[in-house]
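Numbering (full-length UniProt numbering), first residue to last: 1 to 108.
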């Protein structure tokens, strides 16, 4: 069964990601969009719109003005604790950088 996080956890993580990590959202959407069947699309903006125990979801804005959801499973598999979300998003960021050939910044 997939864990569903409460509204406070969703609001906290989404607020942080969209307020403080817009560039990371863009990298993740760019790196994982091809897995959504849109390998030829160019992502111009992205925001994190949700997550559960299976993975995160980003809404990518494409260069033609359309939007597409980019669901990405957590690298370590299923999670159920809010503290695990950060670890998984950091791992997605690192993988996005690897896929895009970008040097990741150090993590605090």
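Every residue, glycine too, gets a C-beta built ideally from N, C-alpha and C.
Predicted model, so just to flag it, every value in this text is computed and none were measured.
- Task: Figure out for me which residue from 59, 26, 50 has the closest Cα to the Cα of residue 110.
- Result: This structure leaves residue 110 out entirely; the chain is present only between 1 and 108.
- Between residue 79 and residue 53, which are expected to be in contact by the criterion C-beta below 8 Å, what is the C-beta distance as a whole number of angstroms? Within the chain shown, numbered from 1, the residue matching residue 79 stands at position 79. Within the chain shown, numbered from 1, the residue matching residue 53 stands at position 53. About 5 Å separates the CB atoms of residue 79 and residue 53; that is less than 8 Å, so the two are in contact.
- Residue closest to residue 60, alpha-carbon to alpha-carbon, out of 75, 74, 41, 77: Against the chain shown, residue 60 aligns to sequence position 60. Residue 60 has its Cα closest to that of 41, out of 75, 74, 41, 77.
- Query: Which same chain residues, not among the five before or five after residue 104, have their C-beta less than 6 Å away from its C-beta?
  - Reply: Position 104 of the chain shown, counted from the start, is the residue given in the question as residue 104. Excluding positions up to five away in sequence, the list reads 94, 97.
- Item | 6 Å CB neighbourhood of residue 74 in its chain, flanking five on each side removed | Stepping through the chain shown from its first residue, residue 74 is reached at position 74. Counting only residues of its own chain and dropping the five nearest sequence neighbours on each side, residue 74 has a CB closer than 6 Å to the CB of 55, 88.
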